[in-house]
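The first sequence: position 84 = 83 (numbering that gives the first Met the number 0), numbered continuously.
Beta carbons: idealized from backbone N, C-alpha and C, even for Gly.
Scroll down for the structure; my scribbles are underneath it.
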Amino acid sequence: MTENTQQTPDSTPELPTQYAPAEVEGPLYERWVERGYFEADAKSEKPAYTIVIPPPNVTGSLHLGHAFEHTLIDALTRRKRMQGYETLWQPGMDHAGIATQNVVERELAKEGKSRHDLGREAFVERVWQWKAESGGQISGQMKRLGDGVAWSRERFTMDEGLSQAVQTIFKKLYDDELIYRAERIINWCPRCLTAISDIEVEYQDDDGELVSIRYGEGDASIVVATTRAETMLGDTAVAVHPEDERYQHLVGTEIELPLTGRRIPVVADEHVDPEFGTGAVKVTPAHDPNDFEIGRRHDLPSLTVLDEHGVITVHGPFLGLDRFEARSAIVGALRAEGRIVAEKRPYTHSVGHCSRCKTTLEPRQSMQWWVRTGPLAKAAADAVRDGKVKIHPQEMEKRYFDWVDNLHDWCISRQLWWGHRIPVWYGPDGEMVCVGPDEQPPSGEGWHQETDVLDTWFSSGLWPFSTLGWPERTESLEKFYPNSVLVTGYDILFFWVVRMMMFGLYAMDGTPPFHTIALHGMVRDQFGKKMSKSFGNAVNPLDWMDTYGSDAVRFTLARGANPGVDVPIGEDWVQGSRNFANKIWNATRFALMNGATVEGELPPAEKLSATDRWILSRLNSVVAEVDAYYDDYQFAKLSDALFHFAWDEVFDWYVELSKTTFQGGGEPAEVSARVLGEVLDVTLKLLHPVVPFVTETLWTALTGKESVVVADWPKDSGFRDAEAEREIENLQQVITEVRRFRSDQGLQPGQRVPARLDLSGTPLAAHEGAIRQLLRLQPAEEGFQATATLPVGGATVALDLSGTIDIEAERKRLTKALTAAEKDKAQCTAKLGNEAFLAKAAEVAVEKIRTRLATAEADIERLTAQLAALPGGN
RNA sequence: GGGCGCAUAGCUCAGCGGUAGAGCGCUGCUCUUACAAAGCAGAUGUCACAGGUUCGAAUCCUGUUGUGCCCACCA
């Protein structure tokens, strides 16, 4: 604390001069939860408003992106709660199959063990243990953030109810033949030892080497190129384009496959691009998706040469070699045989990596479970096309359709241990039985359950209704489904949103899971760079919350939230938000010290000063503006509007202008105290959804009421006073103009200057006290010399600055301004004289030019008068 | 290779047909009794480039350049 802050008036001992977020935030949250503000009652008569949390991964901790998303959801739900909705902000977490399993495997590795040392059951037990420890961390972070979630309803994708939902929908899909089992080429991670779906693949440009290999001998030889030479052991054909004349004579014949002693056919296939490379492709059906298709078309055998670890399985010199070792060994062997025609050359190409562990994926032929997405995806697309579900911002619809209209079947089986085990039993004679949640699995000799588990997105796709008790027709499901809006990042539009759309429509008889999808962007650093741990620019939101408070972090995030676009955030900006919180804090302190109150009716307009009417008029405009922005998910705009209204208009002008009134005491002071109370009451409520903590503290101090969390959301009373707005604008102009003059003349801000004011005939007469106070003007006394006369806004302010003013500087400035005004006037006059303009321009446009002309003319008059009034100006 | 988007003040971004805006940063003066985490005043932009449409374009159209993201089986 600095010295000057110790003069805190005794009247407000409970509010120190600086806002200290750390002391305030924690206890407030506890109180909110204890009072049950965030719980949702399915029996309530109120209309429902529901948002589900995009469930964070249990093993993780929340990063700034979560803080961002939660701020938006929390702001939406807090406002709706204040508007009288039965509001459900559904909390919970995702078991995140592969990610979690990897984390726990890494833990085990530290003990020198693998999951196989424990065995499946013990391993899964271990994951549950981990979940118990780690899950609490996220809840703690959510509380710090101020997330107003219904804690009693917290769910987990692996808990019993949700597991039952998973089994139910699996069975339904299976019975409807929308789930099937088939052998295909899938993306295989040789480290995670599981299949992963297409969208879990991250493509990166990797440097590889393209080698050209000669197959066959003499005339019967073809050169093929490959980046994955090791797969040649599994080649079962060479393909050329059917119309490629170079190879016509070989189609239908067999040529020798080097190193293997095998002969393979040359086939003609449309897939081959004759322009690329040599126009001939080696075909490895077991290890390449295209080749798999070619193999099917030509009935080629499929020869697996790599096992699940990516190790060569064919007998011979390469047996047991890892795929990368095998690659160079095979290239070496081929070279020794003179088979390498062109030396290998560097080649950058796109290679798939596991999104979880970054290992280079291996396309692998295997038996997997699939969801037939056709009809489901069509329904998901139609719901948006028909307008049943709106995507915000609307431009994102294109992306949605691009995806959903071209969806492949979805590989849902994972060779993992952590997840929902597929509810299918195999019998001794190849029977296959899908078991529903209320059914007994077949027992007896030789029956066993499928060992694969489901893709983690399978259960999160059910989230909007499984959390509400589905498949039971619970009261909560009736009340809170469909969700009002889904708030999530555009990055998981495909992973998650599409899945929820498909499953929601399917399970809930065509009712989509939510009315609106509001997509936000990604949090980035202050230079717009992606945040990542490896780049070193990742931020732990807790650090910033410790230093600046949760409100500051939230406000910064909200203020950057333009729909669908990324949000850069830097520590300086958080500091700025903290400053804003401090500003509100101190303005409220000032208000309380001056008796601001919300007691009693607001005095009628005729009892209010122009200043009071102006701020109330503005206040109601802002209420309307903020509501409109909320309804359009314009968080940046609404935050900015509130920031400027509060700081610029209420604190910098209204409070300053009211100081003389407060000092004067009596009824005018009481009226202003009531108006200021009203303005703060409403402003704090409007700010509360975004900055819940500081507003709660201040609002309860101001009103003496229980909590702003359950206060009524402000309504636009419809009060507007254009005349008062003009009057105060005029007043601001006068004050700014004189302040500018003072500043230009090098007067110190606090220096008192004798002045004579002539405000007669203007509405400004009523503001003389305020003008004198704000401008530090003393009454003119004996011997007053008007050395500077400023005619502004119809009034005249004469100052005694004997001998101290720089007349030339002022003359220069005024002349410059006058020239500008005259130029503007000329422009406007020209425009208004332009017939084409008058004929074609819209009425508003013409009106604007007229206003502009009037302003220019007024400026010219004022500036001319000021110039003339300068000493020695004649 | 396709698709989408973006290029506006030093930085990050609003504006999207009628005089260029915000936050942070910057310059000057101030501890003026709510707040120095503040106040007041101020500076800063051929709105990427080139054409076009229009009475008028940062804003609409076309092209160029640069840049980002998503999708894709080119060996």
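Confirm, please, whether the CB-CB distance from Trp417 to Val126 is below 8 Å. The sequence position of residue 126 within the first sequence is 127, counting from 1. The sequence position of residue 417 within the first sequence is 418, counting from 1. Yes, Cβ-Cβ distance for Val126 and Trp417 is below 8 Å.
Return the chain-ordered ranges of every beta strand (DSSP E) run that is complete within the stretch 294-337 and spans a minimum of 3 residues. Positions of the beta strand (DSSP E) runs, each at least 3 residues long and wholly inside the stretch 294-337, cannot be given because no such run exists.
C-alpha distance - Thr4 paired with Thr16, whole-angstrom precision: Taking the first sequence and counting its residues from 1, one reaches residue 4 at position 5. Taking the first sequence and counting its residues from 1, one reaches residue 16 at position 17. Its pLDDT being 34, under 50, Thr4 is placed unreliably in this model, and the value from its coordinates should be taken loosely. When rounded, the distance between both Cα atoms is 6 Å.
Do you know how far the Cα of Pro470 is from the Cα of Leu177? Here residue 177 is taken as the residue at index 178 of the first sequence, counted from 1. Here residue 470 is taken as the residue at index 471 of the first sequence, counted from 1. The alpha-carbon atoms of Leu177 and Pro470 are separated by roughly 19 Å.
Simplified DSSP assignment, three categories, for His766: Looking up residue 766 in the first sequence gives position 767. Correct three-state label for His766: helix.
Among Leu866, Arg34 and Pro748, nearest to Glu809 - alpha-carbon criterion: Mapped onto the first sequence, residue 809 falls at position 810. With distances taken between Cα atoms, Glu809 lies closest to Leu866.
Buried or exposed by the 16-neighbour rule on C-beta atoms within 10 Å, applied to Gly91: As a first step, residue 91 is located in the first sequence; it is residue number 92 there, counting from the start. Classification of Gly91: buried, given that the 10 Å Cβ count is 16 or more.
Report the partner residues of Asn186 according to the DSSP bridge assignment. Position 187 of the first sequence holds residue 186. According to DSSP, Asn186 bridges with Ile195 and Pro362.
Runs of 4 residues minimum, wholly inside the stretch 400-480: which ones carry the alpha helix (DSSP H) assignment? As far as the stretch 400-480 is concerned, its whole alpha helix (DSSP H) runs of at least 4 residues are 455-459, 462-465 and 474-479.
Would DSSP call Trp88 helix, strand or coil? Within the first sequence, residue 88 is the residue found at index 89, counting from 1. Correct three-state label for Trp88: strand.
Where DSSP assigns a beta bridge to Thr788, which residues make up the other side? By 1-based counting over the first sequence, the position of residue 788 is 789. Paired residues: Ala797.
Report buried or exposed for Pro688, applying the criterion of at least 16 other Cβ atoms within 10 angstroms of its Cβ. Reading the first sequence from its first residue, position 689 is the one you call residue 688. Its Cβ being crowded by 16 or more others within 10 Å, Pro688 is buried.
For Tyr48 versus Ser620, is the C-beta spacing smaller than 8 Å? Translated into the one-based positions of the first sequence, residue 48 becomes position 49. Translated into the one-based positions of the first sequence, residue 620 becomes position 621. Not in contact: Tyr48 and Ser620 (Cβ atoms no closer than 8 Å).
Tell whether a beta-carbon distance below 8 Å holds between Gln439 and Arg420. Here residue 439 is taken as the residue at index 440 of the first sequence, counted from 1. Here residue 420 is taken as the residue at index 421 of the first sequence, counted from 1. In this structure, Arg420 does not lie closer than 8 Å to Gln439 by Cβ.
Looking only at C-alpha atoms, which of Ser196, Arg498 and Lys130 sits nearest to Ala376? Within the first sequence, numbered from 1, the residue matching residue 376 stands at position 377. Minimum Cα-Cα distance from Ala376 among the listed residues Ser196, Arg498 and Lys130 corresponds to Arg498.
Note down the Cα distance separating Ser10 from Asp571, rounded to an integer number of angstroms. Numbered from 1 along the first sequence, position 11 holds the residue referred to as residue 10. Numbered from 1 along the first sequence, position 572 holds the residue referred to as residue 571. With a pLDDT of only 39 at Ser10, under the threshold of 50, the placement of this residue in the model should not be trusted, and no figure is reported.
Give the DSSP bridge partners of Asp93, in chain order. One-based indexing of the first sequence puts residue 93 at position 94. Its beta-bridge partners are Asn56.
Using the three-state DSSP reduction, which class does Ile568 fall into: helix, strand or coil? Locating residue 568 in the first sequence gives position 569, where the first residue counts as 1. Correct three-state label for Ile568: coil.
If I measure Cβ to Cβ from Glu624 and keep anything under 7 Å in the same chain, skipping five residues before and after, which residues do I get? On the first sequence, residue 624 is found 625 positions in, with the first residue counted as 1. So the list reads Ala640, once near-sequence residues are dropped.
With a 10 Å radius around its C-beta and 16 neighbouring C-beta atoms as the bar for buried, classify Arg673 as buried or exposed. In the first sequence, the residue the question calls residue 673 occupies position 674. So Arg673 ends up on the buried side.
When you compare the CB positions of Thr961 and Val222, do they come within less than 8 Å of one another, or not? Only positions 0 to 873 of the chain appear in the structure, and residue 961 is not among them; the question remains open.
If you draw a straight line from the C-alpha of Asp858 to the C-alpha of Asp720, how long is it? As a working mapping, residue 858 is identified with position 859 in the first sequence. As a working mapping, residue 720 is identified with position 721 in the first sequence. Those two C-alpha atoms are separated by around 25 Å.
Contacting residues, own chain, Cβ-Cβ under 7 Å from Phe650 (five flanking each side not counted): Counting from 1 along the first sequence, the entry for residue 650 is found at position 651. So the list reads Lys582 and Ala586, once near-sequence residues are dropped.
What's the C-alpha gap between Glu655 and Leu675? Against the first sequence, residue 655 aligns to sequence position 656. Against the first sequence, residue 675 aligns to sequence position 676. The alpha-carbon atoms of Glu655 and Leu675 are separated by roughly 12 Å.
Is Lys112 helix, strand or coil by DSSP? To locate residue 112, count along the first sequence from 1; it is residue 113. Correct three-state label for Lys112: coil.
The beta strand (DSSP E) spanning Gly488 covers which residue range? In the first sequence, residue 488 corresponds to position 489, counting from 1. Unbroken beta strand (DSSP E) run through Gly488: Asn482 to Gly488.
Taking the alpha helix (DSSP H) that Phe502 falls in, what are its first and last residues? Locating residue 502 in the first sequence gives position 503, counting from the first residue. Start and end: Val497 to Ala506.
Distance between Ala787 and Ser759 (C-alpha atoms, nearest Å): Within the first sequence, the letter at position 760 stands for residue 759. Within the first sequence, the letter at position 788 stands for residue 787. Cα-Cα distance, rounded: 19 Å.
Buried or exposed: where does Glu229 fall if 16 or more other Cβ atoms within 10 Å of its Cβ makes it buried? What you label residue 229 is simply residue 230 of the first sequence in a count that begins at 1. Around the beta-carbon of Glu229, 16 or more other beta-carbon atoms lie within 10 Å, marking it buried.
Check whether the stretch 404-418 touches the stretch 506-526, taking contact to mean three or more Cβ pairs, one atom from each stretch, closer than 8 Å. Too few Cβ pairs lie closer than 8 Å, so no.
Exposed or buried, what is Met500 when buried is set at 16 or more other beta-carbons lying within 10 Å of its beta-carbon? Position 501 of the first sequence, counted from the first residue, corresponds to residue 500. Result: buried.
For Pro12, count neighbouring C-beta atoms within 10 Å of its own C-beta (all shown protein chains included) and say buried if the count is 16 or more, exposed if not. Position 13 of the first sequence, counted from the first residue, corresponds to residue 12. Since pLDDT at Pro12 reaches only 43, below the 50 mark, its modelled position is unreliable, and no value is offered.
Residue interval of the beta strand (DSSP E) (run including Phe534): Counting from one through the first sequence, the residue named residue 534 turns up at place 535. Note, Phe534: premise wrong, no beta strand (DSSP E); not H, not E.
Pull up the DSSP beta-bridge partners for Leu144, would you. For the purposes of this step, residue 144 is taken as residue 145 along the first sequence, with counting starting at 1. According to DSSP, Leu144 bridges with nothing at all.
Using DSSP's beta-bridge definition, name the partner residues of Ser349. Taking the first sequence and counting its residues from 1, the one referred to as residue 349 is at position 350. Asp204, per the DSSP bridge assignment.
DSSP beta-bridge partners of Trp129: Translated into the one-based positions of the first sequence, residue 129 becomes position 130. Per DSSP, none; premise fails for Trp129.
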